[in-house]
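Residue numbers (our numbering): 102 to 225. The beta carbon of each residue, even a glycine, is placed where N, CA and C say it ideally should be. Model, not experiment: these values are computed from the prediction. Have a look at the structure below before the remarks.
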Amino acid sequence: MAKFFLRTGSAIVGIVLAIVLYMNFGIFEIKTVFMYPALKPGQHVLIHKTSAEQISIGDLVLFEVPFYDFDTQEGMLAVRRVSGIKDGTLRLECDAPAVAKDVLAVDEESVRGKVILWQKKNES
């Protein structure tokens, strides 16, 4: 009887843990060169789904691309570096030298999370 409760309890804890992880974290694949050399196309990043209040200058964030960025599709997600925060607006920049002047201003509601870990990708 004790083994039954131990197994049932372990299963419940595992399910709860999986739900908590799913609701608080996500994985995103980098699809563009805008964050090169920090992030390369094909790399995967771990996103902590967080509010904009926990974002600082220098952080990498996942955000919904504004509709006025005609180079992308509406609703597309992208990763950029935060270069400024003022009055509920985040200033986001690219790391790649070729597109360094590609600066976006997005509202806090567009932020989906903060990049907390990324997979290293070997150079080919």
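DSSP state of residue i mapped onto helix, strand, coil
{"i": "residue 152", "result": "coil"}
{"i": "residue 186", "result": "strand"}
{"i": "residue 105", "result": "helix"}
{"i": "residue 116", "result": "helix"}
{"i": "residue 110", "result": "helix"}
{"i": "residue 207", "result": "strand"}
Euclidean distance between Cα positions of residue i and residue j
{"i": "residue 241", "j": "residue 194", "result": "Only positions 102 to 225 of the chain appear in the structure, and residue 241 is not among them; the question remains open."}
{"i": "residue 146", "j": "residue 218", "result": "6 Å"}
{"i": "residue 134", "j": "residue 200", "result": "9 Å"}
{"i": "residue 148", "j": "residue 104", "result": "37 Å"}
{"i": "residue 97", "j": "residue 102", "result": "Within the shown structure, residues of the chain are numbered from 102 to 225, placing residue 97 beyond reach of any answer."}
{"i": "residue 177", "j": "residue 115", "result": "32 Å"}
Beta-carbon contacts of residue i that lie in its chain and below 8 Å, excluding the five residues immediately before and after
{"i": "residue 136", "result": "161, 180, 181, 182, 195, 196, 197"}
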